[in-house]
Amino acid sequence: MRRKYGFDPYLALIVAAAQFVIAKGASYGQRFFREPLDPYAYGLLLVGPLAILLHRRFPLLTTAATLAANDLFLIGGYAYGPSFISPAVLLFLLVTRGRRLMAWIMAGATLVSFLAYAWLMGNRDLLHSVWILTFIMLLMVLAELVRIVRERRAERERTAEEEARRQASEERLTMAQELHDVLAHNISLIHVQASTALHLIDANPEQARTALSTIKTASKEVLGEMRSVLNVLREGAPRAPTAGLDRLDELVQRSGVKVTLKRVGSRPLPSQVERAAYRIVQESLTNAARHAPGSDVTVRLEYAEHELLIAVADTGATDVPLLSEAGSGNGIPGMRERASALGGTLVAGPSGAGFQVEARLPLPEETP
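End of the sequence shown sits at 368 in the UniProt record's numbering; the numbers just go up one at a time, nothing left out.
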């Protein structure tokens, strides 16, 4: 009930109190030429506050009833002033609640009734008629201004809510990509190394021990990275630094394949480019370990003036048996989405006996 009717009961109470108080004072001040207040006059003054209570459900009926009560109050010879409050409030509410056409029609009817009453009472002064017109016009213009301000504020709030929902959606997508890359890389690495350890545990225990050590490191890494990503969900929780190219050497060491890392040039990179480049290299090494075990992999980073080139190529599977099943197929599309989100491109496909991934990420102009 409170949400539905808002402040209407309070407004009705305020209008009723104001009309009664003003009526008392006006009746005393106009006692020599206007009729004293009686129960009938008080009943007419109550019509307006009651109409405010029902205005949301019956806007036209309540406004018309209030205007009629105001006319009857004046015709009854009671004091000028108190009966004008309710019609003004209801006309104002009509405009601010979106009933503009109805409001202007009722404002015209109010003007006609006031002028007709004045003429019937013998007051045909043009200045008096202009004053009545000016008052009603000022009331309606003020109501229109309040309506415009409210609509603009509501539009700003709606735009802000849409922007907040869009940002939240983008953050969820980013987190999904981060979780996919973290899990896909580390779990694939664990799977490949576990398969290697099982395959070599009898013939080459030392190499199996190395694979198990890699599994231990990768499992610790995946727990740490997952904790870092999921901390974003906790309000007020500190956010751990996202993966960047400063951790590339560490990534290469635990990739499970033989990797040659080459860097051409160097320059500071935006954080989103750093993260995308790291994840692209990570996913490429995951694919190499999964689909081309025993191959040699080359990772090349070229820092150009306007772009960062990332090239990851493997020589193809060697005589080491393929120890992992096929992947989910989301790796290359995910890398391509990361590159596209930054305005870059990514091409992946066979290269000789192996496979190559080449990404170009645009960079902002370097400031001195």
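For glycine and all other residues, C-beta sits at the position ideal for the given N, C-alpha and C.
Short Cβ contact (9 Å threshold) for residue i with residue j
| i | j | result |
| --- | --- | --- |
| residue 18 | residue 85 | yes |
| residue 89 | residue 15 | yes |
| residue 252 | residue 299 | yes |
| residue 294 | residue 353 | no |
| residue 66 | residue 143 | no |
| residue 36 | residue 27 | yes |
| residue 357 | residue 289 | no |
| residue 70 | residue 48 | yes |
| residue 79 | residue 34 | yes |
| residue 308 | residue 360 | yes |
| residue 256 | residue 207 | no |
| residue 82 | residue 45 | yes |
| residue 93 | residue 59 | yes |
| residue 273 | residue 342 | yes |
Close Cβ partners of residue i (< 7 Å) along its chain, the five nearest in sequence each way excluded
| i | result |
| --- | --- |
| residue 111 | 132, 133, 136 |
| residue 258 | 296, 297 |
| residue 114 | 132 |
Whole-angstrom C-beta distance between residue j and residue i, which should lie under 8 Å
| i | j | result |
| --- | --- | --- |
| residue 103 | residue 91 | 6 Å |
| residue 196 | residue 211 | 5 Å |
Inter-residue spacing [alpha-carbon to alpha-carbon] between residue i and residue j
| i | j | result |
| --- | --- | --- |
| residue 22 | residue 129 | 23 Å |
| residue 263 | residue 278 | 14 Å |
| residue 283 | residue 332 | 8 Å |
| residue 345 | residue 8 | 59 Å |
| residue 260 | residue 254 | 13 Å |
| residue 365 | residue 246 | 21 Å |
| residue 338 | residue 154 | 35 Å |
| residue 150 | residue 165 | 22 Å |
| residue 179 | residue 226 | 7 Å |
| residue 11 | residue 126 | 35 Å |
| residue 328 | residue 204 | With a pLDDT of only 49 at residue 328, under 50, the local geometry of the prediction cannot be trusted, and the value read off the model is given with reservation. Those two C-alpha atoms are separated by around 31 Å. |
| residue 56 | residue 269 | 59 Å |
| residue 450 | residue 32 | The shown model of the chain, from 1 to 368, leaves out residue 450, and the question about it has no answer. |
| residue 220 | residue 209 | 17 Å |
| residue 213 | residue 171 | 34 Å |
| residue 271 | residue 244 | 8 Å |
| residue 105 | residue 30 | 32 Å |
| residue 314 | residue 163 | 43 Å |
| residue 20 | residue 13 | 11 Å |
| residue 62 | residue 54 | 7 Å |
| residue 322 | residue 276 | In this prediction, residue 322 scores a pLDDT of 46, lower than 50, which makes its location untrustworthy; the coordinate-derived value is nonetheless stated afterwards. Computed Cα separation, rounded: 29 Å. |
| residue 119 | residue 87 | 20 Å |
| residue 152 | residue 158 | 10 Å |
| residue 148 | residue 99 | 13 Å |
Sequence-distant residues of its chain with Cβ nearer than 8 Å to residue i (five each side left out)
| i | result |
| --- | --- |
| residue 335 | 279, 280, 283, 284, 346, 348, 357, 359 |
| residue 350 | 356 |
| residue 117 | 71, 74, 75 |
| residue 183 | 222, 226 |
Same chain, Cβ closer than 6 Å to residue i, neighbours up to 5 away in sequence not counted
| i | result |
| --- | --- |
| residue 265 | 303 |
Residues sharing a beta bridge with residue i, DSSP
| i | result |
| --- | --- |
| residue 311 | 300, 358 |
| residue 348 | 357 |
Distance cut-off 8 Å: residue i Cβ against heavy atoms of the ligand NAP
| i | result |
| --- | --- |
| residue 118 | As presented, the structure is devoid of all ligands, the ligand NAP included, so that no description of it is given. |
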